[in-house]
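Report on the structure given below.
Protein chains: 2
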Amino acid sequence: MPHTKAKPVVNTRIQARNKELILEAALDVFSASGFRGATVDQIAAKAEMSKPNLLYYFRRKEDIYVALLEHTLSDWLEPLRELDPAGDPLTELARYISAKMQMSEANPKASRLFANEILHGAPMIEKFLKGPLRQLVAEKSQVIQSWIAAGKLAPVDPYHLIFAIWAVTQHYADFSVQVDAVLGRREDPKAAQKAVLEILLRGLQVKQP
Amino acid sequence: MPHTKAKPVVNTRIQARNKELILEAALDVFSASGFRGATVDQIAAKAEMSKPNLLYYFRRKEDIYVALLEHTLSDWLEPLRELDPAGDPLTELARYISAKMQMSEANPKASRLFANEILHGAPMIEKFLKGPLRQLVAEKSQVIQSWIAAGKLAPVDPYHLIFAIWAVTQHYADFSVQVDAVLGRREDPKAAQKAVLEILLRGLQVKQP
DNA sequence: ATAATTCTTGATCAAACGGTCAAGGGCAGC
DNA sequence: GCTGCCCTTGACCGTTTGATCAAGAATTAT
């Protein structure tokens, strides 16, 4: 039997470490340049590794990209998952919005990675969008709907409310260049969070009789 | 004197027509694949033109991209420009939001073109962002502020309100793949517009004493 | 009509890029 | 310390891609 492209069978510490280094470097490069704009050489350079060595761990450029997306997809849903049907609606929504704003601030690169992927038709995560994401949003829309039915929240289309929350919170990560240019300075995360909470939540309070 | 790269001196009908064809094709390709992902061959094919002929009108790929951005940048500001200080605040904002929603629906490709450019650091339109855009937003923020001071609008940070309007309205163009996947169908523009107006405006009404 | 200019393209080039190969270095288990 | 597998890399390959060139076709001006 010829020596055809031996791949590691077990998972060593070196593998774990190097894969992590590669994914870290890849997030930098892919989020800055997109899938097509990024080059394997750039990622290898940033991971301080030769290109063939990088391709020893991920055979194809696409494999790095997919691994990177999968590596962060479930984290992305976590805040929404935590929306508690038993909690106070405005408190729960405020917590969700705050969590999303903090994610945008803490990890803008991941946000831009997703934004770029979706912007270009989401070829790699179509199943995620139509599966787990759709499922979760349907579930949480139900929760919001029940709050409205119970008179604890002003009537609003739950789906579009969730879209609005996503749009506004991720805007600060994805379009930070524009935000900073318009403000003429680095945007202040605390001030942005406060403003966003007001804008999105004030209209949702039920009027007291 | 050698025959160095003769370029047309006058503007003929053929030039106007072909440049238009090229920009139209380029919008398709750039908005779908980004600057780096788009190829000159793709644009030439879509414009039904040989590659050298396309490069006769635009010497470099980047020139097409820049021309395309400039060609649509001023249109982009128009709805905001029309925000009338003398009008009723809620009516004016509703008109602005509706106009932006209609732009997202009518021309999602242009929206994605800008989104992609900004997402990748806006290397080509930095001056536009820090110049005309910043200037206009400052001016209109002043208008909103004066409405608030006059007690005609609930207090809100004008800059972040404008960001929120941009974010939400453009979301339906830029992330339409995700919106459709989550809804499980093509999103209905009328329903989206109604929902967005409610979400963004309800919290801005001043409470009647 | 004819000359001048604009328009068009097949062929080609050089650089960039994703990916392969063969060979050597290094580490674990015996 | 020897054996076998894992790890690493310089050199290389085929393709893609942005851009050029030279030469001919079409259009315009006189």
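So the sequences go chain by chain: S and R. Using numbering that gives the first Met the number 0, read the first sequence as starting at 0 and increasing by one per residue. Using numbering that gives the first Met the number 0, read the second sequence as starting at 0 and increasing by one per residue. Glycine included, each C-beta is placed from N, C-alpha and C at the ideal position.
DSSP places T90/R within a helical segment (H, G or I) once states are collapsed to three.
The segment 164–182 of chain S and the segment 163–178 of chain R touch, with no fewer than 3 CB-CB distances between them shorter than 8 Å. Proximity of K139/S to chain R, defined by a Cβ-Cβ separation below 8 Å, is not satisfied. In this model, N52/R and Q14/R are separated by some 11 Å (Cα to Cα). Taking the CA atoms as reference points, A148/S sits about 29 Å from L92/R. Annotated three-state conformation of G33/R is helix, per DSSP. Note that the segment 179–192 of chain S touches the segment 130–140 of chain R; at least 3 beta-carbon pairs, one per stretch, sit closer than 8 Å. Not a single C-beta of chain R is nearer than 8 Å to the C-beta of G150/S.
Contact holds between the segment 18–27 of chain S and the segment 55–63 of chain S, because three or more Cβ pairs, one in each stretch, are under 8 Å apart. Chain S has a Cβ within less than 8 Å of the Cβ of V155/R. Under the three-state reduction of DSSP output, V205/R falls in the coil class, being neither helix nor strand.
At least one CB atom of chain R sits nearer than 8 Å to the CB of Y158/S.
Here K99/R is buried, its C-beta having at least 16 other C-beta atoms within 10 Å.
Secondary structure of E125/R (DSSP, three-state): helix. Here DSSP, grouped into helix, strand and coil, assigns D74/S to helix.
Residues of the segment 166–183 of chain S with a Cβ closer than 7 Å to any Cβ of chain R, in chain order: A166, V167, H170, D173, F174, V176, Q177, V178, A180, V181, L182, G183.
Interface criterion not met: the Cβ of N106/R is under 8 Å from no Cβ in chain S. Linking R16/S to K108/R through their CA atoms gives a straight-line distance of about 41 Å. Excluding residues up to 5 positions away in sequence, E91, Y95, K139, V142 lie with their Cβ nearer than 7 Å to the Cβ of L82/R in the same chain. Between R185/R and chain S, the shortest Cβ-Cβ separation is not below 8 Å. Boundaries of the alpha helix (DSSP H) harbouring F113/R: 107–118, taken from the DSSP string. Distance between P188/R and W146/R, taken at the CA atoms: about 29 Å. Using a 10 angstroms sphere on the CB of E116/S, the tally of other CB atoms reaches 16 or more, which defines it as buried.
Within chain S, no C-beta atom comes less than 8 Å from the C-beta of N52/R; the nearest is roughly 25 Å away. By the neighbour-count criterion, in which a residue is buried when 16 or more other Cβ atoms sit within 10 angstroms of its Cβ, A194/R is buried. L152/S sits in coil when the DSSP states are folded into three classes, being neither helix nor strand. Our two residues, Q177/S and L128/R, have alpha carbons roughly 6 Å apart in a direct line.
If you check each beta-carbon in the segment 30–56 of chain S against every beta-carbon of chain R, the ones closer than 8 Å belong to A31, S32, G33, F34, R35, G36.
Against K129/S, the close residues of chain R are A180, in the order they occur along the chain (beta-carbon pairs closer than 7 Å).
Residues of chain S with a Cβ closer than 7 Å to the Cβ of A114/R are, in chain order, L118.
Interface annotation for the segment 59–87 of chain R against chain S: empty, criterion Cβ-Cβ distance under 9 Å.
In terms of beta-carbon proximity, E197/S lines the interface with chain R, with at least one pair separated by less than 8 Å. Here the alpha carbon of A43/R sits roughly 11 Å from the alpha carbon of K18/R.
For R201/R, the closest of H119/R, P88/R, P78/R by C-alpha to C-alpha distance is P88/R.
Under the three-state reduction of DSSP output, D62/R falls in the helix class.
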